[in-house]
Amino acid sequence: MEQRSLFLNLSPLDHRYYLSNRDLFDRLGACLSEEASVRYAVRCEVALLKAHLDLHFEPSDRPNLLSALDQLETSVLPDEVYIEEEKTQHNIRALVNVIKRHLPEALVPYVHLGATSVDMLDTANALKTRDAVKMVLLPLLADLELALIKLARQEAETPQIGRTHGQYAVPVTVGFALAEYVSRLGKSILEIHRLADGLKGKFAGAVGAYNATSVMTTDPQALEQKVLAYLGLQPSEHSTQLVEPEYLLRLLLELNVAFGIIANLADDLRNLQRSEIGEFRELFTATQVGSSTMPQKRNPWNSEHVKSLWKAFAPRVMTFFMDQISEHQRDLTNSASGRFVTDYLAGFAAAAARMLKVVSTLSVDKNRLDRNLREGAGDLVLAESVYILLSLAGEPEGHEVVRVLTLECDREKIPLIQALKARPAIWEKLVNELKERTGWEAETFFSHPELYHGQAPIKARALSDKYEALMKTLKENLP
4 MEQRSLFLNL SPLDHRYYLS NRDLFDRLGA CLSEEASVRY AVRCEVALLK
54 AHLDLHFEPS DRPNLLSALD QLETSVLPDE VYIEEEKTQH NIRALVNVIK
104 RHLPEALVPY VHLGATSVDM LDTANALKTR DAVKMVLLPL LADLELALIK
154 LARQEAETPQ IGRTHGQYAV PVTVGFALAE YVSRLGKSIL EIHRLADGLK
204 GKFAGAVGAY NATSVMTTDP QALEQKVLAY LGLQPSEHST QLVEPEYLLR
254 LLLELNVAFG IIANLADDLR NLQRSEIGEF RELFTATQVG SSTMPQKRNP
304 WNSEHVKSLW KAFAPRVMTF FMDQISEHQR DLTNSASGRF VTDYLAGFAA
354 AAARMLKVVS TLSVDKNRLD RNLREGAGDL VLAESVYILL SLAGEPEGHE
404 VVRVLTLECD REKIPLIQAL KARPAIWEKL VNELKERTGW EAETFFSHPE
454 LYHGQAPIKA RALSDKYEAL MKTLKENLP
């Protein structure tokens with residue numbers, strides 16, 4: 004096989020991202036590389052030959068022939084197939100010709116008998132995609148989810164100012180904010196698992212109507228099930244020359260949902276590392292350089308990297324949708340575009356791996372969190388609670404009263420408690436209602452805005468417990 008430098012490859016996936024994710028990409032390559040594609044196609048041809056053995060050969064002849072089939076997957080090499088394809092100008096016919104060279108004469112007439120090319124291609128694609136997802140992507144995503152869970156549980160009580168529209172809202176906790184992603188990503192991971200197990204194959208012939216296999220057997224659908232059972236697949240409910248495209252489409256779309264969730268997390272973490280916020284910090288090593296000219300820079304480049312990968316690969320869902328359409332029983336308009344699903348899976352894996360690195364090494368600056376909550380937001384973040392308590396105390400225009408007070412606070416640069424105390428009737432109502440409803444003293448409440456966090460810590464722990472159990476079960480059931 005030709006040896007060439009990685010740096011002569013055109014795709015960044017094959018040099019920059021491979022070197023950054025060598026072990027991950029090697030594991031993906033075992034499922035998604037061109038060598039793997041040939042191997043999976045051979046596996047499908049072997050499954051068909053095993054079915055032919057059952058149909059056409061005496062039981063006494065089968066053991067020796069089965070032994071020959073067991074060697075086929077490792078003996079048929081991509082180089083040989085590609086050389087043959089230069090002559091045939093047809094990839095599957097080239098594969099068939101090569102397979103015949105490696106088999107006993109008695110089996111040669113049965114190679115590919117009754118099949119069309121896409122029987123093998125779509126079935127092999129289902130196998131390799133399922134294996135890539137279940138053997139590589141799902142374990143990676145589960146590890147990312149568990150790392151998020153660990154951080155969410157660890158910071159379940161850590162106060163943080165909530166933000167909506169980029170503005171201070173009401174207090175939450177760091178664990179609660181992270182639990183959003185625990186919940187969103189956890190559900191997506193479970194759905195990816197379900198959809199990967201739902202990928203289908205086919206052995207239904209040139210237009211999917213079992214024309215060829217009807218000549219061979221009185222029950223061609225049983226033959227299809229037998230072939231696919233050797234591969235651990237079920238048949239597509241209806242086939243043309245193609246497996247129904249929605250099985251793969253739905254899986255790819257859910258992977259893109261997970262990609263978006265990861266990119267959203269990356270964006271949140273990137274923004275929370277801004278100089279003026281500074282609540283989180285990515286790991287920055289002793290030898291790392293943040294800028295070629297500004298030595299002080301500590302850029303959140305890993306989070307930015309994840310967002311950038313999402314920008315490059317998420318739009319490919321348009322191609323996934325376009326590959327849903329094929330004229331009549333089949334055309335070839337998805338033959339080139341479909342090959343780039345591999346790139347998408349690799350790009351998604353690279354982003355997930357980088358996000359795992361970020362989350363696993365993320366530091367939380369509790370001093371900065373406290374300062375942003377107390378000095379930045381101050382007790383104005385309690386305006387909601389004041390309006391609620393005043394309304395419960397019988398104040399008919401509680402919201403308007405507090406709204407006007409907050410404008411005064413902003414104009415006069417005074418805390419909310421000062422403006423409230425200047426109105427004794429309102430202050431008395433508030434103090435009494437707060438004590439009755441929560442047991443808190445007003446002075447304590449206004450000096451500790453972090454107390455107003457609702458169910459944030461409880462929710463963070465509950466979601467962490469739920470998805471930790473689900474991820475552990477998932478990992479136990481993966482190959």
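The numbering of the sequence shown is my numbering, which starts it at 4 and goes up by one. Glycine included, each C-beta is placed from N, C-alpha and C at the ideal position.
### Query
Which first and last residues belong to the alpha helix (DSSP H) in which Thr216 is found?
Along the sequence shown, read from residue 1 onward, the residue named residue 216 stands at position 213. 214–219 is the span of the alpha helix (DSSP H), which, as asked, contains Thr216.
### Query
Short check: CB of Leu181 to CB of Leu147, under 9 angstroms?
In the sequence shown, residue 181 corresponds to position 178, counting from 1. In the sequence shown, residue 147 corresponds to position 144, counting from 1. Taking 9 angstroms as the Cβ cut-off, Leu181 and Leu147 do not qualify as a contacting pair.
### Query
At what residues does the alpha helix (DSSP H) containing Pro223 begin and finish?
Working through the sequence shown from its first residue, we reach residue 223 at position 220. That run of the alpha helix (DSSP H) goes 223–232.
### Message
Quick check on the burial criterion: 16 or more other C-beta atoms within 10 angstroms. Buried or exposed for Asp64?
### Response
Reading the sequence shown from its first residue, position 61 is the one you call residue 64. By the neighbour-count rule (16 or more Cβ atoms within 10 Å), Asp64 is not buried but exposed.
#### Entry: Residue environment, Thr493, which counts as buried when at least 16 other CB atoms sit within 10 Å
Given a span of 4 to 482 for the chain in the structure shown, any question on residue 493 remains unanswerable.
### Query
Considering Tyr1, what are the terminal residues of the beta strand (DSSP E) in which it resides?
With the chain running from 4 to 482 in the structure shown, residue 1 is simply not present.
### Query
Relative to the C-alpha of Thr243, which residue among Ala209, Gly263, Val230, Glu249 is closest?
In the sequence shown, residue 243 corresponds to position 240, counting from 1. Ranking Ala209, Gly263, Val230, Glu249 by Cα distance to Thr243 puts Ala209 first.
### Task
With a threshold of 16 other CB atoms inside 10 Å of the CB of Thr221, please say whether the residue is buried or exposed.
Here residue 221 corresponds to residue number 218 of the sequence shown, with the count starting at 1. Per the 10 Å Cβ criterion, exposed.
### Message
Given a cut-off of 9 angstroms on the beta-carbon distance, is the pair Pro303 and Arg333 in contact?
### Response
Looking up residue 303 in the sequence shown gives position 300. Looking up residue 333 in the sequence shown gives position 330. Cβ atoms of Pro303 and Arg333: not closer than 9 angstroms.
### Query
Thinking just about the alpha-carbon of each residue, which of Gln421, Leu473, Met297 is nearest to the one in Leu383?
Your numbering for residue 383 matches position 380 in the sequence shown. If we check each option's Cα against that of Leu383, Gln421 comes out closest.
### Glu194 to Ala289 span [Cα, whole Å]
Taking the first residue of the sequence shown as 1, we reach residue 194 at position 191. Taking the first residue of the sequence shown as 1, we reach residue 289 at position 286. Taking the straight line joining both Cα atoms gives about 40 angstroms.
### Task
Give a yes or no on whether the C-beta atoms belonging to Glu453 and Asp368 are separated by under 9 angstroms.
For the purposes of this step, residue 453 is identified with residue 450 of the sequence shown, where counting begins at 1. For the purposes of this step, residue 368 is identified with residue 365 of the sequence shown, where counting begins at 1. No, these two residues do not count as a Cβ contact at 9 angstroms.
#### Entry: Three-pair Cβ contact test at 8 angstroms for the region 314–328 versus the region 346–354
yes
### Task
Select from Ser14, Leu22, Ala465, Val45 the residue whose C-alpha is nearest the C-alpha of Ala356.
Your numbering for residue 356 matches position 353 in the sequence shown. Ranking Ser14, Leu22, Ala465, Val45 by Cα distance to Ala356 puts Leu22 first.
### Task
Please specify which runs of the alpha helix (DSSP H), each continuous and at least 4 residues long, are wholly inside the region 133–168, giving them in chain order.
141–157
### Query
Can you list, in chain order, the stretches of the alpha helix (DSSP H) that have 4 or more residues and sit fully within the region 280–320?
304–316
### Message
Here's the rule I'm using: 16 or more other beta-carbon atoms within 10 Å means buried, otherwise exposed. How should Phe351 be labelled?
### Response
Here residue 351 refers to the residue found at position 348 when the sequence shown is read from its first residue. Phe351 comes out buried.
### Query
Nearest CA to the CA of Leu252: which residue from Leu226, Arg166, Arg133?
Taking the sequence shown and counting its residues from 1, one reaches residue 252 at position 249. Nearest of Leu226, Arg166, Arg133 to Leu252, Cα basis: Arg133.
### Message
Below 8 angstroms, how does it come out for the region 146–162 and the region 42–50: are there three or more Cβ pairs, yes or no?
### Response
no
### Task
Could you check what DSSP says for Gly350 in three-state terms: helix, strand or coil?
Here residue 350 refers to the residue found at position 347 of the sequence shown. Here Gly350 sits in helix by DSSP.
### Query
Under the three-state reduction of DSSP, which class applies to Val210: helix, strand or coil?
Counting from 1 along the sequence shown, the entry for residue 210 is found at position 207. Note: Val210 maps to coil in three-state DSSP.
### Message
According to DSSP, simplified to helix, strand and coil, what is Lys203?
### Response
For the purposes of this step, residue 203 is taken as residue 200 along the sequence shown, with counting starting at 1. Assigned with DSSP and collapsed to three states, Lys203 falls in strand.
### Query
Leaving out the 5 sequence neighbours to the left and right, which residues in its chain are closer than 6 angstroms to Val173 when beta-carbon positions are compared?
By 1-based counting over the sequence shown, the position of residue 173 is 170. Gly165, Val384, Glu387, listed in sequence order.
#### Entry: C-beta atoms of Gly117 and Phe60 nearer than 9 angstroms
Here residue 117 corresponds to residue number 114 of the sequence shown, with the count starting at 1. Here residue 60 corresponds to residue number 57 of the sequence shown, with the count starting at 1. Contact: no.
#### Entry: Val367 - partner residues in DSSP beta bridges
Looking up residue 367 in the sequence shown gives position 364. Its beta-bridge partners are Phe283.
### Task
Please go through the same chain and pick out, in chain order, the residues whose beta-carbon is closer than 8 angstroms to the beta-carbon of Val99, but skip the five residues on each side of it.
Here the question's residue 99 lines up with position 96 in the sequence shown. Glu48, Val114, His115, listed in sequence order.
#### Entry: Coarse secondary structure for Pro238, derived from DSSP in three states
In the sequence shown, the residue the question calls residue 238 occupies position 235. Strand, per DSSP.
### Query
So what does Val45 bridge to, in DSSP terms?
Taking the sequence shown and counting its residues from 1, the one referred to as residue 45 is at position 42. None, per the DSSP bridge assignment.
### Query
Quick check: the region 152–163 against the region 460–479, are there 3 or more CB pairs under 8 angstroms?
yes
### Straight-line gap, Glu444 to Tyr390 (C-alpha atoms, nearest Å)
Here residue 444 refers to the residue found at position 441 of the sequence shown. Here residue 390 refers to the residue found at position 387 of the sequence shown. One C-alpha to the other measures close to 17 angstroms.
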